[in-house]
Structures are given as C-alpha cells and as structure tokens.
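Visitor:
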Amino acid sequence: MTQQTLVLIKPDGLKKSLTGNILTRLSETKLDIVAAKIIKVSRELAERHYILLKDKPFFNELLKYLMGEYHKKKVMALVYWGEDAINRVRAICGSTNPEEADPVSIRGAYGRITTKGIYENAMHASTNEQEAEREIKLWFNPDEIIAELYPTKTVKEQVERRVWA
Ligand code: IDP
Ligand code: MG
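Going by this note's numbering, the final residue of the sequence shown carries number 1399, and the count climbs one at a time with no gaps.
1. Indicate whether at least one CB of chain C lies closer than 9 Å to the CB of T1388.
2. The alpha helix (DSSP H) with L1297 in it runs from where to where?
3. Closest to L1257 by C-alpha separation, out of P1332, R1368, M1310, would be which residue?
4. Among L1265, K1244, D1246, which residue has its Cα nearest to the Cα of Q1237?
5. For V1315, tell me which candidate among I1267, Y1384, N1375, G1351 has the shortest Cα-Cα distance.
6. Quick one: give me the first and last residue of the beta strand (DSSP E) that Q1237 is part of.
7. Between Y1284 and the rest of its own chain, which residues show a CB-CB distance below 8 Å, the 5 nearest in sequence each way excluded?
8. I believe T1239 touches S1360 by the beta-carbon criterion, under 8 Å. Please report the beta-carbon distance rounded to the nearest angstrom.
9. Taking the beta strand (DSSP E) that K1371 falls in, what are its first and last residues?
10. Could you round the C-beta distance between K1308 and I1352 to whole angstroms and report it? I think they count as a contact, below 8 Å.
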C-alpha cells in the first residue's frame, strides 16, 4: 500500500548534527522525500502536533522540547512517500523509549532520557494513516509538497504577506 508519513528531526537531532545520519538511515527505506523544510516551532504548532498527549504529565515539557527550548529552536520536517511508508519509517526509527529501542534503530542509537524524564529521541514518525494525514496537513501546505497526497481546493483571499524587498 502506498502511503505518506511525516518525519520530524527534533531539536536534539539538529543540535547534535544528526541530520545527515538520520536521513542516510531513512534512505534504507527506499521511500521518496516529497517535502522538506526547517521550521521554528511555535507553542501552538507543538500543542496541535501532540494534542493526543495533552493529558500526560510530561505534556508541557514535551512542548518545550519540540519548541527547542533545550537545544536549538528548529525542527526539520519531511514527508516520505511510498510502499508501506509508515511502518518502514517506524521500523528504522525504533521504539518511543530510547532505552528500550533497538540499539541499531535511530532512537536506540541517538536518543536519551533526560533527568526531567523526557524521552529525547531525535526524531518523530507518524504512527498510522489517520495520524499521518493530520500531521502532514498540520506541518505543510499543499504547495510545499511535490506529490498530490490529499484533495485540495483553491480559495481566493486577500492577505498581506511578506515578499522579497
Ligand atoms: P512516538 O513518538 O513513538 O509516536 P508518542 O507516544 O506519540 O510516541 O509520544 C510522543 C513523544 O513524547 C515521544 O516521541 C517522546 O519524545 C515523548 N514521550 C512519549 N512517552 C513519554 C514518556 O512516557 N515519558 C517521557 N516522554 C515521553
Ligand atoms: Mg506518536
């Protein structure tokens, strides 16, 4: 089944200069990258991304982690597309808890648990098709993705936007 999945290289991954290593590992999936960008994550975006975890005791620390308050204020977001994309990426990514993750997985190799109890696990990967759709639509506009993943519509709006001077 052809699928798409959201990958985030989290602020610890960027701070530790792991982008190259992580992308090289993910290339083992033979999937296509159809979108990529660097983002400064707002609290609103972090909250919306992790909305399903809002009742967890570590939620606030998790938001700060994703916003880069402990590392660098940036995240790299990518969309991978191809056969069985969600499970292929999750397999190389490894388990949520970096200490339980296979040491050969990305999280097993590069993650840690901080003294505040947050799992700093270097990357995010969508868990199922429904979450992938919600997350991809949250992080990307249709024009930032080079594949037609979901239906779109055109709207006419008069908005002020910044352009090159
Ligand atoms: P996932 O990233 O493997 O899908 P989720 O349960 O969606 O795992 O959790 C999102 C993120 O929240 C994890 O990647 C990790 O950074 C953090 N996290 C999840 N569970 C815990 C926990 O029990 N303690 C501390 N941090 C956690
Ligand atoms: Mg998750």
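Built from N, CA and C at the ideal position, the CB exists for glycine as well.
None of the values given here were measured: they were computed from a predicted structure.
Guide: So, from the data block:
1. Among the protein chains of the structure shown there is no chain C, as only one such chain exists.
2. As a working note, residue 1297 is residue 63 in the sequence shown. Residues 1293–1301.
3. Against the sequence shown, residue 1257 aligns to sequence position 23. Among P1332, R1368, M1310, the Cα nearest to that of L1257 is on M1310.
4. Residue numbering aside, residue 1237 sits at position 3 when the sequence shown is read from its first letter. It is L1265.
5. In the sequence shown, residue 1315 corresponds to position 81, counting from 1. At residue 1315 the sequence reads Trp, which differs from the Val that was named. Checking every option, the nearest Cα to that of W1315 belongs to I1267.
6. Translated into the one-based positions of the sequence shown, residue 1237 becomes position 3. First-last of the beta strand (DSSP E) with Q1237: 1236–1243.
7. If you number the sequence shown from 1, residue 1284 lands on position 50. Excluding sequence neighbours, Y1284 sits near F1293, L1296, L1297, L1300.
8. On the sequence shown, position 5 is the one that residue 1239 refers to. On the sequence shown, position 126 is the one that residue 1360 refers to. Contact holds; Cβ gap of about 4 Å.
9. Position 137 of the sequence shown, counting from 1, holds the residue named residue 1371. It is not in any beta strand (DSSP E) - K1371 instead sits in the alpha helix (DSSP H) that spans 1363–1373.
10. Position 74 of the sequence shown, counted from the start, is the residue given in the question as residue 1308. Position 118 of the sequence shown, counted from the start, is the residue given in the question as residue 1352. 18 Å between Cβ atoms; not a contact.
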